[in-house]
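These notes concern the structure reproduced below.
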Amino acid sequence: MSARVYAREHAEVERVDFIHIASLSPRTALFQPKSWRVRWGLERLDSTVGRVAAHALAGSMGMAWDLAPQVIAYGFAEVRTDYVPEWNTRTSMGAGASLGALWDVNARWRVMVNLSFMENSHALLGVQRSTSIASRWTLNPEHALVLQGQHTDKGAGSGTDSVSLQLRRYF
1 MSARVYAREH
11 AEVERVDFIH
21 IASLSPRTAL
31 FQPKSWRVRW
41 GLERLDSTVG
51 RVAAHALAGS
61 MGMAWDLAPQ
71 VIAYGFAEVR
81 TDYVPEWNTR
91 TSMGAGASLG
101 ALWDVNARWR
111 VMVNLSFMEN
121 SHALLGVQRS
131 TSIASRWTLN
141 PEHALVLQGQ
151 HTDKGAGSGT
161 DSVSLQLRRY
171 F
């Protein structure tokens, strides 16, 4: 779950993930596994009627490679669909790609970078490019703190920067 605090001192839930699974399986000369991701949840999106809650479903297929003993690089082809009752079209479809790397600094600390591109069918979403860097500190096998900075560019000079601190629970 992610929340945003606004300048007028009120907060809103920005995103709730009911399912968020990523499987990164590095390729070797002997094994050629596929990597994949899936996400389903609610997310706030900009709209002509304000910020609306969208039902979001996204899936990715790709590959991962060991670059060094503690570094994995990955690439994904992604698809996404959003359902928003307030929109005339009700749905938006998107396709894109992402590239990134994970570096396990030690047993509890991981650094992550990601570049992504998504083109959406809904005019308000359009083309989105984002760059993020994050640091995850594992508290115990079930919990981790994640500090993330992200820049999202929606074209025509309308970029946004965000910083988030997340508490993640793993099952």
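Just so you know, we're using my numbering here: the sequence shown kicks off at 1 and counts up by one. Beta carbons: idealized from backbone N, C-alpha and C, even for Gly.
Problem - Endpoints, beta strand (DSSP E) assigned at Val146 - result: His143 to Asp153
Practice task
Please check the pair Glu53 and Arg44, which I expect to be a contact at CB under 8 Å, by giving their CB distance rounded to whole angstroms.
Solution key: The sequence as given places Ala at residue 53; Glu does not occur at that position. Indeed they touch by this definition, with Cβ atoms about 6 Å apart.
Exercise for the section: Give a yes or no on whether the C-beta atoms belonging to Ala95 and Glu78 are separated by under 8 Å. Expected result: yes
Practice task
From the DSSP output, in three-state form, read off Phe18 for me.
Solution key: strand
Handout entry: Residues bridged to Leu139 (per DSSP)
Key = Per DSSP, none; premise fails for Leu139.
Handout entry: Residue from Leu99, Ala58 and Trp137 whose Cα sits closest to the Cα of Phe18
Key = Ala58
Exercise for the section: Compare the beta carbon distance of Gly50 and Val16 with 8 Å and say whether it is the shorter of the two. Expected result: no
Problem - Cα-Cα separation between Asn88 and Val127, rounded to whole angstroms - result: 20 Å
Problem - Close Cβ partners of Met118 (< 6 Å) along its chain, the five nearest in sequence each way excluded - result: Gly94, Gly96 and Gln128
Handout entry: DSSP state of Pro69 mapped onto helix, strand, coil
Key = coil
Problem - Neighbourhood of Tyr170 by C-beta, 6 Å cutoff - its chain only, sequence neighbours within 5 removed - result: Glu142
Problem - Where Asp46 falls, given that 16 or more other Cβ within 10 Å makes a residue buried - result: exposed
Handout entry: Boundaries of the beta strand (DSSP E) in which Thr89 is found, first to last residue
Key = Unbroken run through Thr89: none, as it is neither H nor E.
Practice task
Provide the residue(s) that pair with Glu43 in DSSP beta bridges, ordered along the chain.
Solution key: Arg15 and Ala54
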